[in-house]
Structures are given as structure tokens and as C-alpha cells.
Amino acid sequence: MERPLFIPVILGTARQGRRSEHAARLVFEQTKKRTDIETELIDACKVPMKLDDAGEHERPKILSDHPALRRTHYSNSGIQSWLSGLLKHALDMNLEEYNHKAVGICGVSAGPFDGTRVIQGLLPVMCELGLVAIFWDVNFENVQNLFDEHGNLLDQSYVRRLDKFLNELVWMSRVLRYGRENIAGVVE
2 MERPLFIPVI LGTARQGRRS EHAARLVFEQ TKKRTDIETE LIDACKVPMK LDDAGEHERP
62 KILSDHPALR RTHYSNSGIQ SWLSGLLKHA LDMNLEEYNH KAVGICGVSA GPFDGTRVIQ
122 GLLPVMCELG LVAIFWDVNF ENVQNLFDEH GNLLDQSYVR RLDKFLNELV WMSRVLRYGR
182 ENIAGVVE
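Just so we're aligned: the sequence shown equals residues 2 to 189 in the working numbering.
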């Protein structure tokens with residue numbers, strides 16, 4: 002049996018009253034159900050970092066102070082993420098750890114299209130970071146109608162969407178891990 006992939010779910014927005022937290026928790030819970038994945042939910046709001054610098058000199062302190070983030074950077078097989086300036090700052094501090102790793106992107110919006118636009122805008126950013134975006138994403142549109150006040154999912158079609166999303170993320174993560182470990186010339 003192939004060793005499990007480590008694929009964290011990163012909630013990357015610091016917005017007060019964020020509705021993306023319900024979506025991130027759903028993705029995390031669905032990911033935890035997979036026997037082929039080890040995961041953690043990492044909330045960018047809880048990652049200590051200076052926001053008034055270029056980021057690189059804070060890297061050792063951030064990684065040592067936050068074990069989940071350190072494990073994410075050094076052993077991840079793929080990433081699931083919502084990107085904000087805060088998360089982009091955290092990712093920028095650890096660029097080399099992302100080369101040739103898979104990323105799946107989820108968007109959240111109050112309307113039908115903003116999350117999709119965010120996902121489209123993130124694709125070149127992920128590529129520039131050295132990540133390989135999967136071909137499937139999940140947009141939690143009209144998020145205010147998808148979860149009750151306790152964070153329970155009201156539209157079960159998202160479970161099927163997430164299953165397809167995770168299948169693709171696992172496949173791409175395995176392919177890229179194989180390449181990193183077995184094909185000469187692949188830069189880690």
C-alpha cells in the first residue's frame with residue numbers, strides 16, 4: 002500500500018465574519034475521511050508572522066513556532082487553499098518547498114461568480130509559486146445559503162463535488178511525488 006499523502010487544508014483569509022471558515026471545515030472533514038490522505042486545517046489567522054517585511058527573514062521563526070505550518074512546508078504532497086494577501090505572504094516565505102507539488106483551489110463568494118473569478122486569478126500565482134494546479138476546483142457560491150448557523154452543510158451536492166476534487170488532487174499529488182522521487186532532473 003502506498004504511503005499516505007499529507008495534504009493540508011489552508012484557510013487563508015483573515016476577514017472578520019468570514020463565511021469561508023464553514024467551507025474550509027467541510028473540505029477538511031471530507032479530506033479526513035480519506036484513508037490515502039493525512040491532513041490538517043491551518044488557519045492563516047493563527048500563524049504568527051510579521052506583515053511589515055519581505056517575509057524571508059521571518060521564515061525560521063514562523064516554521065519553528067507553528068509545527069503544523071512547518072510540516073505543511075516540508076512534507077506536503079499537495080495543498081488545498083483559499084488565497085488572500087495574508088496567505089500569499091505566508092506562502093512567499095517558503096517558496097522552494099512548493100516546487101512540483103499539487104494544489105487544489107476552492108473559492109467562496111456571496112454571489113455566483115466572485116469565487117470563480119478568484120480561482121481564475123489564483124492559477125498564475127500558484128504556477129509562479131511552483132505549484133501545479135489540478136483541473137478541478139470547488140466554488141462555494143452563495144455561501145450564505147449553503148450552511149446553517151452552526152456550519153452544517155445544507156446542499157449535499159458539494160460532497161460529490163469535493164469527492165471529485167479530492168480524487169483529482171490525490172492523483173496529481175501521487176504523480177508529482179513519483180516524479181520528485183524517481184525522475185532525475187526534477188528540482189525539489
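Where a beta carbon is used, it is the ideal one built from N, C-alpha and C, also for glycine. Keep in mind that this is a model prediction, so the values were computed, not measured.
Exercise for review: Would you check if the segment 117 to 134 and the segment 150 to 164 touch, i.e. whether three or more CB-CB distances between them fall below 8 Å?
Suggested key: no
Check your understanding: Straight-line CA distance for F148 to R175?
Key -> 32 Å
Review point. Can you name, in chain order, every residue of its own chain whose Cβ lies under 7 Å from the Cβ of C46, other than the five neighbours on each side?
Key: A15
Check your understanding: Grouping DSSP H, G and I as helix and E and B as strand, with all else coil, what is K34?
Key -> coil
Review point. Straight-line CA distance for L42 to P9?
Key: 6 Å
Check your understanding: With a Cβ-Cβ cutoff of 9 Å, do L177 and R35 count as a contact?
Key -> no
Check your understanding: Does the beta-carbon of F141 have 16 or more other beta-carbons within 10 angstroms, so that it is buried, or is it exposed?
Key -> buried
Check your understanding: How about P5 and E30: are their beta carbons less than 9 Å apart?
Key -> no
Practice item. Could you spell out the range, first to last residue, of the alpha helix (DSSP H) harbouring F166? Key: S158 to N183
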